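Position in the sequence shown counted from 1, then plus 36, gives you our numbering. The C-beta atom is built at its ideal place from N, Cα and C for all residues, glycine as well. Quantities reported herein were computed from a predicted structural model and do not represent experimental measurements. For reference, the structure discussed in these notes is given below.
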Amino acid sequence: MASQATIAKSYEITIVQVSGRLRLRLAQSVKAHVQVDAGGVTWRTRDAIWKKGGEIPWNEKNILLPLAPSEKITFSLIRDGRILNKSSNVSQGLLEIDLAELLRLSNRQPNEGRF
């Protein structure tokens, strides 16, 4: 029988927040969104305005398909790049993290199921 720590469970992500220095030369703000890849499913937040030196919180609820604690989740920050070139999206960075580590950092245990 599988232990609680290895059983795949569904999880709900309710808040994604980005903070950091935005480097812009021609504008004071851009549109940005976060793309989340987990368990073979990709979803993204709505576009939000990211201002120089500011933070962007997204308060959206998304349910992840059942994941085992060892599975990875990738968060990619993408901004609208049409200011400087014709590419519509420019990656600003990404974070790949194991579900178990994400739960640990959010002060929850894998069997609690919500963070």
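For the pair F111 and V66, the CB atoms are not nearer than the 8 Å cut-off. Closest by C-alpha distance to A74, out of R140, L141, S142, I133, is I133. The shortest C-alpha to C-alpha distance from V126 to any of A136, L135, I114 is the one to I114. Taking 8 Å as the upper bound for CB-CB distance, I51 and W94 are in contact here, some 7 Å apart. Excluding residues up to 5 positions away in sequence, V54, L58, S65, V66, K67, A68, I92, R115 lie with their Cβ nearer than 8 Å to the Cβ of W86 in the same chain. Membership of R82 in any beta strand (DSSP E) is not indicated, and neither H nor E is assigned to it by DSSP. Classified as exposed, L141 has fewer than 16 neighbouring CB atoms from the shown chains inside 10 Å of its CB. Each residue's CA atom was taken as its position, placing G90 and Q128 some 14 Å apart. Spatial neighbours of L130 in its own chain (CB-CB distance under 8 Å, excluding positions within 5 residues in sequence) are listed in chain order as T110, F111, S112, L113.
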